[in-house]
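Asks: Protein chains in written order, with the UniProt record's numbering: chain A, 1 to 285; chain B, 1 to 282. Don't be surprised by glycine CBs; every beta carbon is placed ideally from N, CA and C. What follows is a single structure, and I will ask about it in a moment.
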C-alpha cells in the first residue's frame, strides 16, 4: 500500500533531479561544466593557503591550515545547496516562468525542489572531493588519522547535508513570498553562517555575543565533528566540553528540528503564495 | 562660419548632448534603484561585510600582524567593485536581452559606449555605498588602521584602478552579449579565482612573481597592490614599485577602451547576422 506513494515520490525526485541537471549543466560539455564546478573550491582553498603562508613566521603551521582547510571545504555544501534551492524558486518563477506549471502538474512542490537540489548536492560533492584530493596530493595535507572511521565520516557528512537541505527548504519557502532581489538576503545568510560557524577560523576569536549565536547553529557542531574525525582532535576550545557523541546528538536533534520546522514553514509559505497570487509573480525589474 | 559647417557643428553638439543624456539616464537608473530597494541596500552593505569579516578573523586567529587585517578590508572594498564589474557590467547586456531591453538600446540613436559608460558610472556610485560600509565597518569594528594622511594618493590610484577595471568590464560586456546561460557560470568563475589571482586577501607577491605578473593583467591586482603600498609601505610586500602603477593603469584603460569599442561593434554585427540579439531564455 505504501509502495505506490514511495514509488511516485522516487519518480518525482528522479525527474526533477534530471531537470535540475539539464538546467544547470546542458549549456556546456560535461568536462567544461566540471571545470567550472571545481574552480571555486580550489580557488578558495588556495586563498586560505596563501593567507596562512604569508603569516606563517612562527605563528601558523600546517596543522592550523588543516583545520581551516577542512572547515572551508565542507562548508561548500552550505553555500551551494542552501542558495541553490531558493534560487530554483526565483529562476523557475521569473526566468523560465515554469513554477506555475509545476502546480498544474500532478507533483508536489516540496519533493520537486528536493529533487532539483540533487544537482547542487552533486556539484558540491564533486567540489569537496576535488578539494580534498588537492589538499592531500598537492598541498600535502593529511586527511584522516589512523583511527578515522570513514563510514562514520560519510554518515556525518550526510547528516549535516540533510540539515542544509531542510534549511534550504525554509529559505525556498521565504523565496516563494518575496521578490527576486531578496535573493541577496539568502546569499547573505550563507555569509553569516560562514562567519558564525567558524568555517575558516577558530570560534574562540569571535566576540562573546557572536560566540553565543554560533553555538545555536548546527553547522558549528557539524564542522567540529568532521574536524575531530579527520584530524583526531578538536579545533574550537569553546566546544571542548562536548564529546564526539554529544556532537552527534546535537547534530541529529538539530536536523530533526529543522526538518519539522521546514515542513510546517514551507506549507505555510506555499499557502500564502497561492492566496496572494505569487506563484507566477515576476519581479525582475 | 559657413552654413554647412554650422549645421555639422550643431549636429555634433546635438549628438554629444544626446550621448551625455544617455550616460546620465543609464547611470541614474542604477543609483536610484540601489537606494529605492532596501533589501538591496542591506544585501549590498551588511552581507559582504560579513564575508570579509570571516577573512579578517582568519588573520586574527593566526595572530598575524595587524596590517594584514587592513589588507583584507581594502581587498573586501575592492571586491565590491570587481563584483559590480562582473555582474553589473560584463553580464548586464545578457540580463537586458533576457528582459527584452537590449533591442531598445540598439534602436536608439546613441553610442553603445555611452550606455556602457552610464552603467559604469552608475555602478561605481552604487558600489561605493557597499565599499564604504566595508571600510567603515573594518575601521570601527576591527580597528583596522588606515593612515588617513596617505588617503589622497591612495584615492588617486583607486580612481585610476576603477577606470581600468570598468573598461575591462566593457570588453567583457561585449563578449557576453551573445552568450546564454554560460554567462552565469563564467561570471561565477570570475569571482573566487580572481580573488585568488589578484591577491584580494593577501599580498599578491606571495604567489611568486610569475603568477603575480599574470594576475596583473587584471587592473584590480596592481591597483590593490599599489593602494596597500601607499598605506602600509614595505609591510605591504608590493609587487611593483608604486610609481610604476599609475602609468600602467592609464595605459590599460586606454587599451581596454579601444578594444571594447571594436569588440562591441563586432559582436553586435555578429549578433545581428546570427539573429541572437533578441533570443531569450537561452
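Quick one: grab the DSSP three-state call for residue 280/A.
Replies: Coil at residue 280/A, not helix or strand.
Asks: Kindly indicate which three-state DSSP category residue 64/A falls into: helix, strand or coil?
Replies: Correct three-state label for residue 64/A: helix.
Asks: Does the Cβ of residue 128/A lie closer than 6 Å to at least one heavy atom of the ligand FMN?
Replies: Of ligands this structure carries none, so the ligand FMN is not represented either.
Asks: In three-state terms, what does DSSP make of residue 55/A?
Replies: Coil, per DSSP.
Asks: Does the count of Cβ pairs from the stretch 27-35 of chain B and the stretch 168-179 of chain A closer than 8 Å reach three?
Replies: No, the stretch 27-35 of chain B does not touch the stretch 168-179 of chain A.
Asks: The alpha helix (DSSP H) with residue 174/B in it runs from where to where?
Replies: Element bounds for residue 174/B: 151-176.
Asks: If you draw a straight line from the C-alpha of residue 43/A to the C-alpha of residue 74/A, how long is it?
Replies: Straight-line Cα distance between these residues: approximately 14 Å.
Asks: Got a sec: is the Cβ-Cβ distance from residue 188/A to anything in chain B below 7 Å?
Replies: Chain B contact via Cβ: present.
Asks: Given that a residue counts as buried once 16 or more other Cβ atoms are within 10 Å of its Cβ, and exposed if not, what is residue 14/B?
Replies: Exposed, because fewer than 16 other Cβ atoms sit within 10 Å of the Cβ of residue 14/B.
Asks: Check whether the Cβ of residue 201/A lies closer than 7 Å to any Cβ atom in chain B.
Replies: So yes, residue 201/A belongs to the interface.
Asks: Roughly how many angstroms separate the alpha carbons of residue 195/B and residue 87/B, rounded to a whole number?
Replies: Cα to Cα, residue 195/B sits roughly 15 Å from residue 87/B.
Asks: Hey, does residue 189/B have any beta-carbon neighbour from chain A nearer than 7 Å?
Replies: It does: the Cβ of residue 189/B has a partner Cβ on chain A nearer than 7 Å.
Asks: Going by beta-carbon coordinates alone, are residue 213/A and residue 196/A separated by less than 7 Å?
Replies: It is a contact, given that the beta carbons lie within the stated cut-off.
Asks: Going residue by residue through the stretch 32-111 of chain B, where are the continuous alpha helix (DSSP H) segments of at least 4 residues, counting only ones entirely within it?
Replies: You should have 38-61, 66-83, 92-98 and 102-107.
Asks: From this set, 263/A, 220/A, 258/A and 131/A, which residue's C-alpha is nearest residue 242/A's C-alpha?
Replies: The option with the nearest alpha carbon to residue 242/A is 220/A.
Asks: Does the pairing of the stretch 19-28 of chain B with the stretch 157-177 of chain A give three or more beta-carbon distances under 8 Å?
Replies: Touching, no, given that fewer than three Cβ pairs across the two stretches are closer than 8 Å.
Asks: Per the contact definition of three or more C-beta pairs closer than 8 Å, is the stretch 202-210 of chain A in contact with the stretch 117-131 of chain A?
Replies: Contact fails: fewer than three Cβ-Cβ distances are below 8 Å.
Asks: Listing by chain order, which chain B residues have their CB less than 8 Å from the CB of residue 81/A?
Replies: In chain order: nothing, as chain B lies at least about 16 Å away.
Asks: Classify residue 146/B as helix, strand or coil using the three-state DSSP reduction.
Replies: Here residue 146/B sits in coil by DSSP.
Asks: Just checking my contact of residue 69/A with residue 141/A at CB under 8 Å: how many whole Å lie between their CB atoms?
Replies: That belief holds up - the Cβ atoms of residue 69/A and residue 141/A are roughly 6 Å apart, short of 8 Å.
Asks: For residue 40/A, count neighbouring C-beta atoms within 10 Å of its own C-beta (all shown protein chains included) and say buried if the count is 16 or more, exposed if not.
Replies: That one is buried.
Asks: Identify the contact partners of residue 46/B in chain A, using a Cβ-Cβ distance below 8 Å as the criterion.
Replies: Within chain A, the residues near residue 46/B are 188.
Asks: Along the chain, where does the alpha helix (DSSP H) that runs through residue 272/A open and close?
Replies: Unbroken alpha helix (DSSP H) run through residue 272/A: 244-275.
Asks: Just checking: is the beta-carbon of residue 229/A within a distance shorter than 7 Å of some beta-carbon in chain B?
Replies: No, residue 229/A does not count as interfacial toward chain B.
Asks: Would residue 164/B pass as a contact of residue 241/B if the rule is Cβ separation under 7 Å?
Replies: Taking 7 Å as the Cβ cut-off, residue 164/B and residue 241/B do not qualify as a contacting pair.
Asks: Give me the residue from 112/B, 21/B, 11/B and 80/B with the minimum Cα distance to residue 43/B.
Replies: When each option's Cα is compared against that of residue 43/B, the closest is 80/B.
Asks: Using a cut-off of 9 Å between C-beta atoms, extract the partners of residue 53/A located in chain B.
Replies: Those are 202 and 206, listed as they occur along chain B.
Asks: Please tell me whether residue 251/A and residue 202/A are closer than 7 Å, where the distance is taken between their beta carbons.
Replies: Not a contact, by the Cβ cut-off of 7 Å.
Asks: With 16 other CB atoms within 10 Å as the buried threshold, where does residue 222/A fall?
Replies: Buried, since its Cβ has 16 or more Cβ neighbours within 10 Å.
Asks: Rounded to the nearest angstrom, how far is the Cβ of residue 141/B from that of residue 256/B, given a contact under 8 Å?
Replies: At roughly 36 Å, the Cβ-Cβ gap does not stay under 8 Å, so residue 141/B and residue 256/B are not in contact.
Asks: Which residues in chain B sit within 9 Å of residue 135/A, going by Cβ to Cβ distance?
Replies: Those do not exist, as residue 135/A stays about 15 Å from chain B at its closest Cβ, beyond 9 Å.
Asks: With 8 Å as the C-beta to C-beta threshold (strictly closer), list the residues of the stretch 53-77 of chain B near chain A in chain order.
Replies: Under the 8 Å Cβ criterion, the stretch 53-77 of chain B contributes 53, 54, 55, 57, 58, 59, 60, 61, 62, 63, 64, 65 and 68.
Asks: By a C-beta neighbour count over all protein chains shown, 10 Å radius and 16 as the cutoff for buried, is residue 216/B buried or exposed?
Replies: Buried, by the Cβ-count rule.
Asks: Quick check on residue 83/B: buried or exposed, where buried means 16 or more other Cβ atoms within 10 Å of its Cβ?
Replies: So residue 83/B counts as buried.
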